[in-house]
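> Take a look at the following structure, please.
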Amino acid sequence: MMQRNILSSGGYGAWLARILTLLLSSLFFLFLGIPLAGLLFREAPATIWNEILQPDIFQALQLSLVTTTLSTLLAVVFGLPVAYLLARQRFFGRGLLETLITLPTVLPPVVAGVALLLTFGRLGLLGRYLALFNVTIPFTTAAVVMAQTFIAAPFFINSARAGFEQLDQRYERAAYTLRASPLYTFFRVTLPLVRPALLSGIGLCWARALGEFGATITFAGNFPGVTQTMPIAVYIASESDLDKSIALAVVLLAVSFGILLTLRLSQRGRDKKEKKSARDRL
0 MMQRNILSSG GYGAWLARIL TLLLSSLFFL FLGIPLAGLL FREAPATIWN EILQPDIFQA
60 LQLSLVTTTL STLLAVVFGL PVAYLLARQR FFGRGLLETL ITLPTVLPPV VAGVALLLTF
120 GRLGLLGRYL ALFNVTIPFT TAAVVMAQTF IAAPFFINSA RAGFEQLDQR YERAAYTLRA
180 SPLYTFFRVT LPLVRPALLS GIGLCWARAL GEFGATITFA GNFPGVTQTM PIAVYIASES
240 DLDKSIALAV VLLAVSFGIL LTLRLSQRGR DKKEKKSARD RL
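Numbering that gives the first Met the number 0 applies: residue 0 is where the sequence shown begins, and numbers increase by one.
As structure tokens, then:
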């Protein structure tokens, strides 16, 4: 009788836990989904399309795509060696460098913009010396790229570092035994094996750079055609033209959703391929 009561109590507790989990999960999904659905269905598609075709919106979209692509390229060029170094080397101060790289992901973007301005402004730490050569960075398109790179690069670095850390180094050692040079091994063996992590990091970096607002408006300002990216245009339009603000927001939402969905589908495809390869080996 006691054992039956325990089983009954355990079964009741399991059902209660499932119901509670389902309820909390549903509330959270509704919390995320309802605002996004409200954004999508607030205006008719024709109205949104007409707003997107406006010259100033197209200009902001074009500038965002160009600067985001450039900032992602910079993140890959400079971030790849950093990720490899942190994943493979053990040295004094490594933990400090890892914290420094991750800091922009939790730092308020406005604070990052102020830091960049105090560094590269005309009276800044480095800007005062650049001014001697008539080089001005703040409130230019270059400032947009720098702000986006500062905020988004850690997403690529952390993803690439995870890929390098999870890679079985036996493949690299096998290449060395075949007298392959370290450079050849890195580009022909290591990078292809960590390509999924690199692509994931590139996608996250690009999406984060596209949505960057605080550091950009603080360091680069708001000049149409020069520094006014899509997030800044959304903020400015929300003060006077709600339809334009919604159209811009829908475009950003669609692009971000498309990137994340592509990453998810590609990851699922890779998982299926790996499972199939494992079954074939068995």
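In this text, a Cβ means the ideal position worked out from N, Cα and C, and glycines have one as well. As the structure is a computational prediction, the values presented were derived from the model and not from experiment.
Run the CB neighbour count on Leu122, radius 10 Å, all protein chains shown included, and call it buried at 16 or more, exposed below.
As a first step, residue 122 is located in the sequence shown; it is residue number 123 there, counting from the start. Exposed, because fewer than 16 other Cβ atoms sit within 10 Å of the Cβ of Leu122.
> When the distance is taken between beta carbons, is Val144 closer than 7 angstroms to Ser70?
Residue 70 sits at position 71 when you count from the first residue of the sequence shown. Residue 144 sits at position 145 when you count from the first residue of the sequence shown. Contact: yes.
> Between Trp205 and Thr118, is the Cβ-Cβ spacing less than 7 angstroms?
For the purposes of this step, residue 205 is taken as residue 206 along the sequence shown, with counting starting at 1. For the purposes of this step, residue 118 is taken as residue 119 along the sequence shown, with counting starting at 1. Their beta carbons are not under 7 angstroms apart, which means Trp205 does not touch Thr118 by this criterion.
> Sort Gly12, Leu19, Leu22 and Leu38 by Cα distance to Leu252 and report the nearest one.
Counting from one through the sequence shown, the residue named residue 252 turns up at place 253. Closest option to Leu252, Cα to Cα, is Leu38.
> Please report the residue range of the alpha helix (DSSP H) in which Glu97 lies.
Translated into the one-based positions of the sequence shown, residue 97 becomes position 98. Run containing Glu97: Arg93 to Val105, per the alpha helix (DSSP H) assignment.
> So, using beta-carbon positions, are Phe218 and Leu102 closer together than 7 angstroms?
What you label residue 218 is simply residue 219 of the sequence shown in a count that begins at 1. What you label residue 102 is simply residue 103 of the sequence shown in a count that begins at 1. Cβ atoms of Phe218 and Leu102: not closer than 7 angstroms.
> With a cut-off of 8 angstroms, do at least 3 Cβ pairs link the region 90-101 to the region 233-253?
No, the region 90-101 does not touch the region 233-253.
> Work out the CA separation of Pro195 and Leu125 for me, nearest whole Å.
As a first step, residue 125 is located in the sequence shown; it is residue number 126 there, counting from the start. As a first step, residue 195 is located in the sequence shown; it is residue number 196 there, counting from the start. Going by the C-alpha atoms only, they are around 37 angstroms apart.
> What separation, rounded to the nearest whole angstrom, lies between the Cα atoms of Ser239 and Leu35?
Taking the sequence shown and counting its residues from 1, one reaches residue 239 at position 240. Taking the sequence shown and counting its residues from 1, one reaches residue 35 at position 36. Distance between the alpha carbons of Ser239 and Leu35: 21 angstroms.
> Just to confirm, is the Cβ distance from Ile47 to Val249 under 7 angstroms?
As a working mapping, residue 47 is identified with position 48 in the sequence shown. As a working mapping, residue 249 is identified with position 250 in the sequence shown. Their beta carbons are under 7 angstroms apart, which means Ile47 touches Val249 by this criterion.
> Just to confirm the assignment, what range does the alpha helix (DSSP H) spanning Leu85 have?
Taking the first residue of the sequence shown as position 1, residue 85 is located at position 86. It spans Pro54 to Arg87 - the alpha helix (DSSP H) in which Leu85 sits, taken as one unbroken run.
> Taking buried to mean at least 16 other C-beta atoms within 10 Å of its own C-beta, is Gln147 buried or exposed?
Mapped onto the sequence shown, residue 147 falls at position 148. With 16 or more other Cβ atoms within 10 Å, it is buried.
> For Thr228, name the three-state secondary structure that DSSP assigns.
One-based indexing of the sequence shown puts residue 228 at position 229. The answer is coil: DSSP assigns Thr228 none of H, G, I, E or B.
> Which whole-angstrom value is the C-beta distance of Gly193 and Phe163, which I expect to be below 8 angstroms?
Position 194 of the sequence shown holds residue 193. Position 164 of the sequence shown holds residue 163. Looking at the sequence shown, residue 193 is not Gly but Val. Yes, Val193 and Phe163 are in contact; Cβ-Cβ is about 6 angstroms, under 8 angstroms.
> Thinking C-beta only, is Ile156 closer than 7 angstroms to Gly94?
Translated into the one-based positions of the sequence shown, residue 94 becomes position 95. Translated into the one-based positions of the sequence shown, residue 156 becomes position 157. Their beta carbons are not under 7 angstroms apart, which means Gly94 does not touch Ile156 by this criterion.
> Going straight from the alpha carbon of Thr184 to that of Ser25, what length do you get?
Here residue 184 is taken as the residue at index 185 of the sequence shown, counted from 1. Here residue 25 is taken as the residue at index 26 of the sequence shown, counted from 1. Cα to Cα, Thr184 sits roughly 48 angstroms from Ser25.
> On the premise that Ile150 lies in contact with Pro108, defined as a C-beta separation below 8 angstroms, what is that separation, rounded to the nearest angstrom?
Taking the first residue of the sequence shown as 1, we reach residue 108 at position 109. Taking the first residue of the sequence shown as 1, we reach residue 150 at position 151. About 6 angstroms separates the two Cβ atoms, so the contact holds.
> Among Thr176, Leu198, Leu29 and Leu15, whose alpha-carbon lies nearest the alpha-carbon of Thr261?
Here residue 261 corresponds to residue number 262 of the sequence shown, with the count starting at 1. It is Leu198 whose Cα lies nearest to the Cα of Thr261.
> Arg280 to Val76, Cα distance in whole Å?
For this step, residue 280 is matched to residue 281 along the sequence shown. For this step, residue 76 is matched to residue 77 along the sequence shown. Bear in mind that the predicted position of Arg280 carries a pLDDT of just 49, short of 50, making it too unreliable to give a figure here.
> What does the alpha-carbon distance come out to for the pair Ala114 and Leu209?
On the sequence shown, position 115 is the one that residue 114 refers to. On the sequence shown, position 210 is the one that residue 209 refers to. Answer to the nearest angstrom: the Cα atoms are 20 angstroms apart.
> Give the straight-line distance between the Cα atoms of Leu15 and Leu29, rounded to the nearest whole angstrom.
Against the sequence shown, residue 15 aligns to sequence position 16. Against the sequence shown, residue 29 aligns to sequence position 30. Spanning the two alpha carbons is a distance of roughly 21 angstroms.
> Does the beta-carbon of Ser180 have 16 or more other beta-carbons within 10 angstroms, so that it is buried, or is it exposed?
For the purposes of this step, residue 180 is taken as residue 181 along the sequence shown, with counting starting at 1. Result: exposed.
> So, using beta-carbon positions, are Gln227 and Ala111 closer together than 7 angstroms?
In the sequence shown, counting from the first residue as 1, residue 227 sits at position 228. In the sequence shown, counting from the first residue as 1, residue 111 sits at position 112. No, these two residues do not count as a Cβ contact at 7 angstroms.
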